[in-house]
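Colleague: Those letters in the sequence shown? Residues 1 to 347, by UniProt numbering. We treat Cβ as the ideally placed atom computed from N, Cα and C, and that holds for glycine. The model shown is predicted, which means the values in this text are computed figures rather than measured ones.
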Amino acid sequence: MSSEGHTTGPACSLSHGLNCSLPGHSAHAAAAVAALLAATTCCTVLGNAVVVAAVVTFRQLQTRTNAFTLSLAVADLLVGLLVMPFSATRSLYGCWFFGPTFCKVHTCMDFLFTTSSIFHLCAIAFDRHVAICDPLRYGARVSRRTVTLLVALCWLVALLYVVPIMLGWNLVGIEEEVARSSCPGNCELYLNTAFALTSAACGYYAPMVGMVVAYARVYSVARAQSRRVRAEANRGHGADERAGGKQKARTSLRREHNATKTLGIIMGVFLVLWLPYYASSIASAFSVSGAIDPVAWDAFFWMGYSNSAINPVLYACFNRSFRAAFRLLLSRRAFKASARRLDLSES
1 MSSEGHTTGP ACSLSHGLNC SLPGHSAHAA AAVAALLAAT TCCTVLGNAV VVAAVVTFRQ
61 LQTRTNAFTL SLAVADLLVG LLVMPFSATR SLYGCWFFGP TFCKVHTCMD FLFTTSSIFH
121 LCAIAFDRHV AICDPLRYGA RVSRRTVTLL VALCWLVALL YVVPIMLGWN LVGIEEEVAR
181 SSCPGNCELY LNTAFALTSA ACGYYAPMVG MVVAYARVYS VARAQSRRVR AEANRGHGAD
241 ERAGGKQKAR TSLRREHNAT KTLGIIMGVF LVLWLPYYAS SIASAFSVSG AIDPVAWDAF
301 FWMGYSNSAI NPVLYACFNR SFRAAFRLLL SRRAFKASAR RLDLSES
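#1: According to DSSP, is Gly17 helix, strand or coil?
#2: Using C-beta distances below 7 angstroms, list every residue in its chain close to Arg340, excluding the 5 sequence neighbours before and after it, in chain order.
#3: Using beta-carbon positions only, say whether Phe119 and Ala158 come within less than 8 angstroms of one another.
#4: In three-state terms, what does DSSP make of Thr63?
#5: Could you tell me the distance, in whole angstroms, from the CA atom of Val147 to the CA atom of Leu156?
#6: Could you give the DSSP three-state label for Gly47: helix, strand or coil?
#7: For Leu77, which residues from the same chain have a beta carbon less than 7 angstroms from its beta carbon, with the 5 sequence-adjacent residues on both sides left out?
#8: State the Cα-Cα distance for the pair Val229 and Arg254, rounded to the nearest angstrom.
#9: What residue from Ala316, Asn319 and Ser308 has the CA that sits closest to Leu37's CA?
#10: Let me know if Val213 comes out buried or exposed under the rule of 16 or more other beta-carbons within 10 Å of its beta-carbon.
#11: For Ser91, which of helix, strand or coil comes out of DSSP?
#12: Which same chain residues, not among the five before or five after Ala285, have their C-beta less than 7 angstroms away from its C-beta?
#13: Flag this pair as touching only if the stretch 84-103 and the stretch 159-167 have three or more C-beta atom pairs under 8 angstroms; answer yes or no.
#14: Can you give the Cα-Cα distance for Ile265 and Ala259, rounded to whole angstroms?
#15: Do Cys187 and Arg332 count as a contact pair if the criterion is CB distance below 8 angstroms?
#16: Return the Cβ separation of Ala54 and Leu329 in integer angstroms, given the expectation that the two are a contact with Cβ distance under 8 angstroms.
#17: Is the beta carbon of Ala125 less than 8 angstroms from the beta carbon of Met208?
#18: Would DSSP call Cys317 helix, strand or coil?
#19: Does the stretch 266-279 come close enough to the stretch 295-306 that 3 or more CB-CB pairs lie under 8 angstroms?
#20: Does Trp169 come out as helix, strand or coil in the three-state DSSP assignment?
#21: Please report the distance separating the alpha-carbon of Ala75 from that of Ala206.
#22: Pick out whichever of Ala216, Pro312 and Phe326 has its Cα sitting closest to the Cα of Ile132.
#23: Once DSSP output is grouped into helix, strand and coil, what is the label at Asn258?
#24: Is DSSP giving Glu188 helix, strand or coil here?
#25: Enumerate in chain order the residues of its own chain whose CB-to-CB distance from His257 is below 6 angstroms, with the five nearest sequence positions on each side excluded.
#26: Helix or strand or just coil, what does DSSP make of Lys104?
#27: Suppose the cutoff is 8 angstroms on Cβ atoms and the five residues either side in sequence are ignored; what does the same chain contact list for Val130 look like?
#28: Check residue 435 in the structure and name its three-state DSSP category.
#29: For Ser289, does the count of other Cβ atoms within 10 angstroms reach 16, so buried, or fall short, so exposed?
#30: For Cys202 and Cys122, what's the separation of their Cα atoms in angstroms?
#31: May I ask which residues mark the beginning and end of the alpha helix (DSSP H) holding residue 348?
#32: Looking at the structure shown, is Ile118 part of a helix, part of a strand, or coil, going by DSSP?
#33: Can you tell me whether Gly80 is buried or exposed? The criterion is at least 16 other CB atoms within 10 Å of its CB, across all chains shown.
#34: Between Met109 and the rest of its own chain, which residues show a CB-CB distance below 6 angstroms, the 5 nearest in sequence each way excluded?
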């Protein structure tokens, strides 16, 4: 996202074509920053494309939980394709070369995709809460219809979230300040205090509290379940058939716990990486001086963008099935007709 609140952006001049740049950047520093931003963008696109391909290709990954994972990966992929390249150009040159109309389109896409990400994480938190805390009713409470509705809501609510920006409500009451301090051609985003606070509260802090509460409950219940399973395993009594049933239940429970752990880590990383941006938004809204260093803003929103590149790495590190799927996609086996039915736990 772009700089928020009553801030002043970097000096920008379009009179020299591509010669405008952020002040204080040496040639070596600019090259290093360009390489870092390009790597982040490429990793975001390639990584999330692989996640999408894995879920679409392998039937074992086509679970209700992974419906949210797939939609989240699409949001992250769109960030890499439609938001990052233009934001990188602005970060490197300190100017916006794509016109005022696309500036507003870009800003709306930025808000749409990044906001939908946190709503997807809320949906995942709900899914994991039901799977661990109410497993007997999981099938009824998280049906295919429910999953479809939740995914649609994640996108619809995020879309409604950007409507006020399209209508210019974010500038109500600060028009004169914007006209006085904005830099023509820099595609800065200004939010009045009410909009900045509402944006941060509804788009980050409220979902964060809900997810933390949900995962605290999930963690407590999961620990109790694990202790109970270990106690039963240590007793080691019962007929073979009964023991086989318990082993199957333990395997299923372990799989649910592993999925919950992976998605909990993804949620935690998201919250940590976007926290500086939203904390600065609140600080900016109440700041007397009203100025936040433009370089700091750049760093904060690129921290948030980097989350879209990190998610595929987290899947590979903490989820065995995704790791096997990624490995198969890089080999010829994934393109065989039987690939959809492969057991990824044994690949």
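Modeller: So, to answer that:
#1: Because Gly17 carries a pLDDT of 45, less than 50, the predicted location of this residue cannot be relied on, and the following value inherits that uncertainty. Note: Gly17 maps to helix in three-state DSSP.
#2: Thr57, Phe58 and Arg59
#3: yes
#4: coil
#5: 14 angstroms
#6: helix
#7: Val45, Asn48, Ala49 and Val52
#8: 10 angstroms
#9: Ser308
#10: exposed
#11: helix
#12: Gly5, Thr193, Ala196 and Leu197
#13: no
#14: 10 angstroms
#15: no
#16: 6 angstroms
#17: no
#18: helix
#19: yes
#20: helix
#21: 20 angstroms
#22: Ala216
#23: helix
#24: coil
#25: Ala222
#26: helix
#27: Arg137, Tyr138, Arg141 and Val142
#28: Residue 435 lies beyond the range of the chain shown here (1 to 347); nothing can be said about it.
#29: At Ser289 the pLDDT is 47, less than 50, meaning the model places this residue with poor confidence and gives no usable figure here.
#30: 12 angstroms
#31: The structure shown does not extend to residue 348, since the chain spans only 1 to 347, so no value can be given for it.
#32: helix
#33: buried
#34: Leu82 and Val83
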